[in-house]
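Remarks on the structure that follows.
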Amino acid sequence: MSDSKDAQKRINQMIKFIEQEAREKADEIRMKADEEFQIEKGRILNPERIKLNKDFDRKFKDLEIKRKIELSTQINKARLQVLEKRGELMKKVDNDTYKRLSSLKKDQNEYKQLLKKLMIQGFIRIDETTVTVRVVKEDVALAQSICKEAANEYKSIWRKQVGMNDDLKATLDTTRFLPPSAVGGVSIYARQDRICCDNTLQARLTVCQQALMPILRGKLFGVVAHRGIVYDDADQTDKHDK
């Protein structure tokens, strides 16, 4: 009876040992299978994952480029609108200034002196012996009263500055006149009208506008430092450098 129990005990121990061996072997097979599965899954999925990442990076870059292009387009559009508006304002200033030119002629005595100075300046600038003076039609009588005096003053200035006489012959044209748009002032012609010194009020205004344009723009619109287009990545790079 005792031998029978011992035999049964050994049999049970052997069964447990076999079962333990089987479990360990099954676990080993399962782990190996899982490892092989992960390797095979990685072999299959990694190329697709890399491909997806590349596609995502490409699409992201395309979106960034598109965003920057749209931003640049909007900035340029806004800049053009600003420039257009500034141009309209500058044109309005020019037109308003031009309309005020006629106010220079309200005081005839002052305008007479101005007209004489413009004549003398024209004689100096054209530097010819025989010249023709033209004015707007409404200034003919005034010009007639000062033409000879202006020529004499020019000769005096020339003699003092150069040390020799200038036999200027200035003739006021009483048949051909400057257009009303000239407002006032004079134009001096020489060599059968092939040479002209435009010293009208309109011409003087144009010279002043060109000379004072930067100052006028600064007064009207201020002076702003130009930075160009700055993108987000550029800002981040600047911060990183700092």
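Just so you know, we're using my numbering here: the sequence shown kicks off at 1 and counts up by one.
Ideal Cβ positions, reconstructed from N, Cα and C, are used throughout, including at glycine.
Going by CA-CA distance only, name the one from Glu128, Gln81, Ala7 and Gln202 that's closest to Ile195.
-> Along the sequence shown, one-based indexing puts residue 195 at 195. The candidate whose alpha carbon is nearest that of Ile195 is Glu128.
Could you give the DSSP three-state label for Val93: helix, strand or coil?
-> By one-based count along the sequence shown, residue 93 stands at place 93. Residue state, collapsed to three classes: helix.
If you count every other CB in all the chains shown that lies within 10 Å of the CB of Ile215, and 16 or more means buried, which is it?
-> As a position in the sequence shown, residue 215 is number 215, starting the count at 1. So Ile215 counts as exposed.
Please confirm whether Ser187 and Gly122 have their CB atoms less than 9 angstroms apart.
-> Locating residue 187 in the sequence shown gives position 187, where the first residue counts as 1. Locating residue 122 in the sequence shown gives position 122, where the first residue counts as 1. Against a cut-off of 9 angstroms, the Cβ pair of Gly122 and Ser187 comes out as a contact.
Collapsed DSSP secondary structure at Lys169 in the structure displayed = To locate residue 169, count along the sequence shown from 1; it is residue 169. Reduced to three states, the DSSP call for Lys169 is strand.
Extent of the continuous beta strand (DSSP E) run through Thr206 | Within the sequence shown, the letter at position 206 stands for residue 206. Looking at the DSSP string, Thr206 is not in any beta strand (DSSP E); the run it does join, the alpha helix (DSSP H), is Leu201 to Phe221.
Which of helix, strand or coil does DSSP assign to Asp193?
-> For this step, residue 193 is matched to residue 193 along the sequence shown. Three-state DSSP puts Asp193 in coil, outside helix and strand.
Alpha carbon to alpha carbon, what distance is there between Glu19 and Glu6?
-> By 1-based counting over the sequence shown, the position of residue 6 is 6. By 1-based counting over the sequence shown, the position of residue 19 is 19. A quick correction: the sequence has Asp, not Glu, at residue 6. Rounded to the nearest angstrom, the two C-alpha atoms are 20 angstroms apart.
Compute the beta-carbon to beta-carbon distance between Asp166 and Lys155, rounded to the nearest angstrom, for a pair I have assumed lies under 8 angstroms.
-> Locating residue 166 in the sequence shown gives position 166, where the first residue counts as 1. Locating residue 155 in the sequence shown gives position 155, where the first residue counts as 1. Rounded, the Cβ-Cβ distance is 6 angstroms, consistent with contact.
Per DSSP, what kind of secondary structure is Asp198 in: helix, strand or coil?
-> Locating residue 198 in the sequence shown gives position 198, counting from the first residue. Strand.
Count the other CB atoms, across all protein chains shown, that sit within 10 Å of the CB of Asp57; report buried if there are 16 or more and exposed otherwise.
-> For the purposes of this step, residue 57 is taken as the residue at position 57 of the sequence shown. By the 10 Å Cβ count, Asp57 comes out exposed.
Using the rule of at least 16 other Cβ atoms within 10 Å of the residue's Cβ for burial, across every protein chain shown, is Tyr231 buried or exposed?
-> By one-based count along the sequence shown, residue 231 stands at place 231. Bear in mind that a pLDDT of 45 at Tyr231, under 50, signals an unreliable position, so the number given afterwards is only what the model happens to contain. So Tyr231 counts as exposed.
Whose C-alpha, out of Asp27, Gln113, Leu101 and Asn46, is nearest the C-alpha of Leu201?
-> By 1-based counting over the sequence shown, the position of residue 201 is 201. Checking every option, the nearest Cα to that of Leu201 belongs to Leu101.
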